[in-house]
Amino acid sequence: MRRRRSVQHHQHSLKSLQAVVLGKDGVGKSALTVRMLTRRFIGEYDVSLEATYRHHTVIDGQFVSLAIMDTAGKNSRDKMDTCLTFGELFFIVYSTTDRTSFDEARLLVKYIQQDKTIQSSPYLIAIVATKKDLKHLRQVEEYEGRFLAQDVDGLFYQVSISEGYEEVQKMLEEVLRACLNREKNKGSSTLSKMKEGIMVKTKSLRRKSTSDSTPAEQIRPTTLGQNTSPVSVT
1 MRRRRSVQHH
11 QHSLKSLQAV
21 VLGKDGVGKS
31 ALTVRMLTRR
41 FIGEYDVSLE
51 ATYRHHTVID
61 GQFVSLAIMD
71 TAGKNSRDKM
81 DTCLTFGELF
91 FIVYSTTDRT
101 SFDEARLLVK
111 YIQQDKTIQS
121 SPYLIAIVAT
131 KKDLKHLRQV
141 EEYEGRFLAQ
151 DVDGLFYQVS
161 ISEGYEEVQK
171 MLEEVLRACL
181 NREKNKGSST
191 LSKMKEGIMV
201 KTKSLRRKST
211 SDSTPAEQIR
221 PTTLGQNTSP
231 VSVT
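The following block contains the structure:
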């Protein structure tokens with residue numbers, strides 16, 4: 001009985017999130033995805049294979065069911081539209097050793113920002129720079145990634161997927177926490193605006209009611225320069 005109640009409670013408090021991993025081929029999207037969801041590092045993947053994974057975790061006592069789409073291939077308009085329909089959390093990945101991958105990341109961010117269908121709901125962008133350990137091959141400086149994240153009010157991380165899973169796991173926890181908090185803040189803001197609207201409408205009705213209740217016998221003509229008498233009320 002206790003176990004059944006516990007399961008029912010977990011299901012009731014379960015929060016579902018959907019994420020998309022985007023970026024140029026070869027930057028480590030699949031390696032990052034697997035590293036986030038497991039402790040494993042796999043260096044070689046089929047660059048044409050797209051997959052969606054499911055992962056369950058707990059963030060600050062909140063049970064989270066994460067569906068994460070690992071994309072592959074050219075980032076066409078149709079593909080981006082599918083990703084925007086699916087996701088609310090976007091990992092935009094580029095390699096610090098590939099300038100063109102950073103240019104691609106900027107284009108992806110711009111496309112997300114300009115999409116009107118996603119603007120009505122809370123979403124979060126996390127800019128992820130990979131291969132930070134390959135300093136001798138670096139083409140993109142850290143500050144460039146940070147500035148890009150600041151422009152979209154997002155998060156920035158610079159990681160080495162191959163060197164260890166701790167920083168990748170920490171990144172995932174922080175991003176999920178930020179995503180959950182953003183949804184809470186969005187809900188609080190909407191409720192606050194609704195309350196403000198009700199208060200404004202109530203005040204308007206009160207002013208109208210006060211205006212309508214002015215005694216008719218107190219009304220005087222406003223025409224200047226004429227000898228007129230008060231309005232007679234019968």
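Numbered per full-length UniProt numbering, the sequence shown finishes at 234, counting up by one with no gaps.
Glycine included, each C-beta is placed from N, C-alpha and C at the ideal position.
Y111: first and last residue of the uninterrupted alpha helix (DSSP H) it sits in: 99-114
Any 3 or more C-beta pairs closer than 8 Å across the segment 51-59 and the segment 107-119: no
Same chain, Cβ closer than 8 Å to K193, five either side skipped, listed in chain order: With a pLDDT of 44 at K193, under the threshold of 50, the modelled position of that residue is not reliable, and the figure given next carries that caveat. Closer than 8 Å at Cβ, skipping near neighbours: no residue.
Contact the segment 160-167 vs the segment 78-87: 3+ CB pairs below 8 Å: no
Stretch-stretch touch, CB-based, cutoff 8 Å, three pairs: the segment 131-143 with the segment 87-103: yes
Given 8 Å, three or more beta-carbon pairs between the segment 65-77 and the segment 126-136: no
Straight-line gap, H10 to M36 (C-alpha atoms, nearest Å): Below a pLDDT of 50, predicted positions are generally treated as unreliable, and H10, at 48, falls in that range; no measurement from the model is reported.
T100 vs D70 beta-carbon contact at 8 Å: no
Nearest-angstrom Cα separation, counted from E142 out to K184: 30 Å
Selected residue, minimal CA-CA separation from L180, among A129, Q158, S121: S121
Of the residues A67, Q18, Q119, E144, the one placed nearest A105, counting alpha carbons only: E144
Burial state of T38, where buried means 16 or more other Cβ atoms lie within 10 Å: exposed
Helix, strand or coil at S76 [DSSP, three-state]: coil
I161 beta carbon less than 8 Å from that of I125: no
Rounded distance between the beta-carbons of L22 and F86, thought under 8 Å: Contact flag wrong, Cβ pair sits at about 11 Å.
Own chain partners of L108 with C-beta closer than 6 Å, once the 5 adjacent residues on each side are dropped: L22, I92
DSSP beta-bridge partners of G23: V93
Cα-Cα separation, G61 to D78: 37 Å
Simplified DSSP assignment, three categories, for L191: Note that L191 scores 41 on pLDDT, short of 50, meaning its location in the model is unreliable; the coordinates nonetheless yield the value given after this. L191 falls in the helix class under three-state DSSP.
Rounded Cβ spacing between F63 and K15 (contact assumed at less than 8 Å): 7 Å
Whole-angstrom distance between I42 and L191, CA atom to CA atom: At L191 the pLDDT is 41, less than 50, meaning the model places this residue with poor confidence; the figure from the coordinates comes in the next sentence. Whole-angstrom Cα-Cα distance: 45 Å.
Under the three-state DSSP convention, the category L155 falls into: strand
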